[in-house]
Amino acid sequence: MTQPSHPITDPAQLLRWWHWHQAQWLTCEADRIRNGLLQDLFAVRRQLELQSGENGLGTVEQLYADLDALGNRLSSPYAQESLPLAIQHALQDWPPALALKLNLPTDWPDEPTEHISLLLLGLDHLRYTLMAQASLPQSICICLVEQTTGKQLTLDVTYGDAVPPGLLTLWEAEDWLYPVATFEVLSQGRVSYRCESNTLEWIFDW
Numbered sequence: 064m065t066q067p068s069h070p071i072t073d074p075a076q077l078l079r080w081w082h083w084h085q086a087q088w089l090t091c092e093a094d095r096i097r098n099g100l101l102q103d104l105f106a107v108r109r110q111l112e113l114q115s116g117e118n119g120l121g122t123v124e125q126l127y128a129d130l131d132a133l134g135n136r137l138s139s140p141y142a143q144e145s146l147p148l149a150i151q152h153a154l155q156d157w158p159p160a161l162a163l164k165l166n167l168p169t170d171w172p173d174e175p176t177e178h179i180s181l182l183l184l185g186l187d188h189l190r191y192t193l194m195a196q197a198s199l200p201q202s203i204c205i206c207l208v209e210q211t212t213g214k215q216l217t218l219d220v221t222y223g224d225a226v227p228p229g230l231l232t233l234w235e236a237e238d239w240l241y242p243v244a245t246f247e248v249l250s251q252g253r254v255s256y257r258c259e260s261n262t263l264e265w266i267f268d269w
């Protein structure tokens, strides 16, 4: 006798499964690009280089760079290896005008891919928000630590004068709230922020 499947009614459980599924799919697609398309394109590039010199390589090199960037956007090449390495790799795309100070450990325990993806999404959104402000911060300190009570990522943004109004309302923006809320559900953690006259700090605890 056929029995109906047991319905899953817990929204948090469904959300955790869905984001895990999406993170795994994006990682697989990015790996296919890096280990398949990019490798094939490199072989074609080498053939062109041997046959026609540098003149015939411009289009292929641009295509190679675009595919490489696409793979990195789909999933960090370090998403299955190390959160500190994934953060360092993501920060390579930040404009030099954003003065970064990093405090990242060399060793880090295994981290679920979906946690890393959401943390990188938050960093990327912060980058665009900072660049959209009328003034740039004096410094941005990104610190990752493992404590006896859990793990913590802090983002400290310091300005010479007052914090721009656009940053003060970031906490209410949907494209910031949804990733933050999803991270809290998936990691069973908490995201908070603290604001002073010229400093804004976001704290991810899990």
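Each residue of the sequence shown is one higher than the last, beginning at 64 in my numbering. Every residue, glycine too, gets a C-beta built ideally from N, C-alpha and C.
Select from 250, 133 and 169 the residue whose C-alpha is nearest the C-alpha of residue 150.
Against the sequence shown, residue 150 aligns to sequence position 87. Selected option, being the one with the closest Cα: 169.
With a cut-off of 8 Å on the beta carbons, I'd call residue 229 and residue 192 a contact; round off their distance for me.
Here residue 229 refers to the residue found at position 166 of the sequence shown. Here residue 192 refers to the residue found at position 129 of the sequence shown. Indeed, because the Cβ distance is near 7 Å, the residues count as touching under 8 Å.
Identify which residue in 153, 185 and 214 has its Cα closest to the Cα of residue 244.
Here residue 244 refers to the residue found at position 181 when the sequence shown is read from its first residue. With distances taken between Cα atoms, residue 244 lies closest to 185.
Would you decide whether residue 89 is buried or exposed? Buried here means 16 or more other CB atoms lie within 10 Å of its CB.
If you number the sequence shown from 1, residue 89 lands on position 26. By the neighbour-count rule (16 or more Cβ atoms within 10 Å), residue 89 is buried.
Span of the beta strand (DSSP E) around residue 213
The residue you call residue 213 lines up with position 150 of the sequence shown. Segment 213 to 221, the beta strand (DSSP E) holding residue 213.
Is the region 239 to 255 close to the region 195 to 202, with three or more CB pairs under 8 Å?
no
Please name the residue, chosen from 84, 130, 80 and 82, that lies closest to residue 103 on a Cα-to-Cα basis.
Numbered from its first residue, the sequence shown carries residue 103 at position 40. Comparing Cα-Cα distances from residue 103 to each of 84, 130, 80 and 82, the minimum goes to 130.
Heavy atom of the ligand MN within 7 Å of residue 145 beta-carbon:
The ligand MN is absent from the structure shown, which contains no ligand whatsoever.
If we count the other Cβ atoms within 10 Å of its Cβ and call it buried at 16 or more, is residue 265 buried or exposed?
The residue given as residue 265 occupies position 202 in the sequence shown. Residue 265 is buried by the Cβ-count criterion.
Among 136, 133, 134 and 107, nearest to residue 122 - alpha-carbon criterion:
As a first step, residue 122 must be located in the sequence shown, where it is residue number 59. Of the candidates 136, 133, 134 and 107, the one whose C-alpha sits nearest the C-alpha of residue 122 is 107.
Residue 183 versus 222, 163 and 153, residue with shortest Cα-Cα distance
Position 120 of the sequence shown, counted from the start, is the residue given in the question as residue 183. Checked all of 222, 163 and 153; the closest Cα to residue 183 is 153.
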